[in-house]
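K.L.:
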Amino acid sequence: MTRYPSRPLHGWPVAATALALAALSACGEKTAPAPAPAPAPAAAPAPTAPPAPPAPKAPPAPQAKAPASESQKLNEYVACYNGADSRAHDAMNRYRRWVQDMKTGPTGKERNVLGVYTVSDHSVKACAKLPELADAAPPLPELDQAAKPYAAALTAWAGTLAEADKYYSRQDYKDDKMAKGKAMHADLVKHFEAFDTASKAFSQALETANDKRQTEQLAELEKSEGRKFNYWHIATMMNAKKLTKLISEDSFDVDQASAALKAFEDAAQGLTDFAKQAPKDELPMMYSSMGSAVEDFLVAAKQRIRRVRDKVPYSQGEKMNLGGGGGWMVNGSPDALVRKYNDLIGASNRLR
């Protein structure tokens, strides 16, 4: 059976991207409307001649549109991705849980027909604006290029899911012996594969842009305000992502992983130490949930490294969970790590 893995990193930390920086866009100067030209004076018009019509007024000159800052544009891309991508991938994961052979599709003999998930209309509409955003200033070439096919592929995939969901939620397969389910299978696979390809390209472009922006922000924050909450928040999230990318693989260099773990732990400790001594008005609302998520992720990362370092095999029960959507319950597994990372992303993005 073809296995469609869930995306390793389901979200990007939009809060960290937008922290503490004023918009960099420059307001375009407004151009005053051009004055209407005065009509030429008539020397001595004949009495029967009609009066000269007034010269038409020139239309006001269009006002220059202030471009968005790079941070604002990046955050809009991030919001689309965070709102749609995970759910769009989970939809295929649900489908393949009950379809025994993805090459042939459903047969009508399945014991449990789970149907599919859908992507919310709100998320699809938000991402449908990406082509317009891609054409807007300032340019982010790699992201702009990846955004348009992502939006198109998501729209097609979401539409296919909506049709399939209507069929399966109404249990129409009980009336037509799965005829439409069989007919829809090829489109489901085709549109998901197109979406998955576009998603990987968009995700990589987001990662590159996000890393660059966060590195710049970290340096700017340290220079402008020192190592305070914003600095430690961004440092913690950057190191969490680097660590997750490294140790979510099936195998990895344990020494590199240990170094990445220490970098994350040091940043997280810096965040914790600052929060303990900082006045309450210097901490965002809901910081306590962020602190808990940091600790949970740290534990999951250590469990993951220990399992690989100590070569601890999965039990038969753990293998069943890993193959059936319950991998997040297996300590030391990539799925458990990614779940805690995504929880950390969610907690980070809720900070206000």
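Each position in the sequence shown, counted from 1, maps to that position plus 1 in my numbering. Built from N, CA and C at the ideal position, the CB exists for glycine as well.
#1: Could you pull out every residue in the same chain whose Cβ sits closer than 6 Å to the Cβ of residue 120, ignoring the five residues on either side in sequence?
#2: Measuring alpha carbon to alpha carbon, tell me which of 274, 102, 261 ends up nearest residue 242.
#3: Can you check which of these residues, 102, 122, 273, 94, is closest to residue 81 by C-alpha distance?
#4: Measuring only the C-alpha atoms, how far is residue 215 from residue 96?
#5: Taking the Cβ atom as the reference point for each residue, do residue 1 and residue 174 lie within a distance shorter than 8 Å?
#6: Mark residue 239 as exposed unless 16 or more other C-beta atoms lie within 10 angstroms of its C-beta, in which case mark it buried.
#7: Near residue 338, which residues of its chain fall below 7 Å by C-beta distance, leaving aside the five closest residues on each side in sequence?
#8: So which of 183, 195, 263, 149 has the shortest CA-CA distance to residue 104?
#9: Would the beta-carbon of residue 162 fall within 8 Å of that of residue 210?
#10: At 4 residues or longer, what runs of the alpha helix (DSSP H) sit wholly inside the region 119–167?
#11: Using only the alpha-carbon positions, how far apart do residue 330 and residue 138 sit?
#12: Report the CB separation of residue 420 from residue 295 in whole angstroms; it is logged as a contact under 8 Å.
#13: Hey, how far is the Cα of residue 1 from the Cα of residue 219?
#14: Got a sec? Which residues, its chain only, sit under 6 Å from residue 150 by beta carbon, not counting five neighbours each side?
#15: Suppose the cutoff is 8 Å on Cβ atoms and the five residues either side in sequence are ignored; what does the same chain contact list for residue 279 look like?
#16: If you drop the 5 nearest sequence neighbours on each side, which residues of the same chain put their C-beta closer than 6 Å to that of residue 319?
#17: Determine the DSSP secondary structure at residue 253, reduced to helix, strand or coil.
#18: From 70, 165, 351, 187, pick the residue whose C-alpha is nearest to that of residue 286; which is it?
#19: Measuring straight from C-alpha to C-alpha, what distance separates residue 217 and residue 324?
#20: If distances are taken between C-alpha atoms only, which option among 168, 283, 276, 307 comes closest to residue 293?
#21: Which of the three DSSP states is assigned to residue 172 in this structure?
#22: Along the alpha helix (DSSP H) that carries residue 244, what are the first and last residues, could you check?
P.N.:
In terms of the structure at hand:
#1: As a working mapping, residue 120 is identified with position 119 in the sequence shown. Only 85, 88, 89, 159 meet the Cβ criterion.
#2: Here residue 242 refers to the residue found at position 241 of the sequence shown. The residue with the shortest Cα to Cα distance from residue 242 is 261.
#3: For the purposes of this step, residue 81 is identified with residue 80 of the sequence shown, where counting begins at 1. It is 122 whose Cα lies nearest to the Cα of residue 81.
#4: Locating residue 215 in the sequence shown gives position 214, where the first residue counts as 1. Locating residue 96 in the sequence shown gives position 95, where the first residue counts as 1. One Cα belongs to residue 215, the other to residue 96, and the distance between them is close to 36 Å.
#5: It is not possible to answer for residue 1, since the shown part of the chain is limited to 2 through 353.
#6: On the sequence shown, position 238 is the one that residue 239 refers to. Only buried fits residue 239, as 16 or more other CB atoms lie within 10 angstroms of its CB.
#7: Taking the first residue of the sequence shown as 1, we reach residue 338 at position 337. So the qualifying residues of the chain are 245, 248, 249, 301, 302, 305.
#8: The residue labelled residue 104 in the question sits at position 103 within the sequence shown. Selected option, being the one with the closest Cα: 183.
#9: Walking along the sequence shown from the start, residue 162 turns up at place 161. Walking along the sequence shown from the start, residue 210 turns up at place 209. Not closer than 8 Å, so no.
#10: Segments of the alpha helix (DSSP H) lying fully in the region 119–167: 122–129, 131–136.
#11: For the purposes of this step, residue 330 is taken as the residue at position 329 of the sequence shown. For the purposes of this step, residue 138 is taken as the residue at position 137 of the sequence shown. Rounded to whole angstroms, the gap between the alpha carbons of residue 330 and residue 138 is 45 Å.
#12: Any question about residue 420 goes unanswered here, given that the chain covers just 2 to 353.
#13: In the structure as shown, the chain begins at 2 and stops at 353. Residue 1 is therefore absent and cannot be evaluated.
#14: Stepping through the sequence shown from its first residue, residue 150 is reached at position 149. These residues qualify, in order along the chain: 199.
#15: For the purposes of this step, residue 279 is identified with residue 278 of the sequence shown, where counting begins at 1. Taken in chain order, the residues that qualify are 229, 230.
#16: Working through the sequence shown from its first residue, we reach residue 319 at position 318. Counting only Cβ-Cβ distances below 6 Å, and skipping sequence neighbours, we find 331.
#17: Walking along the sequence shown from the start, residue 253 turns up at place 252. Here residue 253 carries a coil assignment [DSSP, helix/strand/coil].
#18: Stepping through the sequence shown from its first residue, residue 286 is reached at position 285. Comparing alpha carbon positions, the residue from 70, 165, 351, 187 closest to residue 286 is 351.
#19: Residue mapping note: residue 217 aligns to position 216 of the sequence shown, counting from 1. Residue mapping note: residue 324 aligns to position 323 of the sequence shown, counting from 1. Between the C-alpha atoms of residue 217 and residue 324 there is a straight-line separation of about 40 Å.
#20: Mapped onto the sequence shown, residue 293 falls at position 292. Scanning 168, 283, 276, 307 for the CA closest to the CA of residue 293 turns up 276.
#21: As a first step, residue 172 is located in the sequence shown; it is residue number 171 there, counting from the start. Three-state result, residue 172: coil.
#22: Along the sequence shown, one-based indexing puts residue 244 at 243. For residue 244, the enclosing alpha helix (DSSP H) starts and ends at 230–248.
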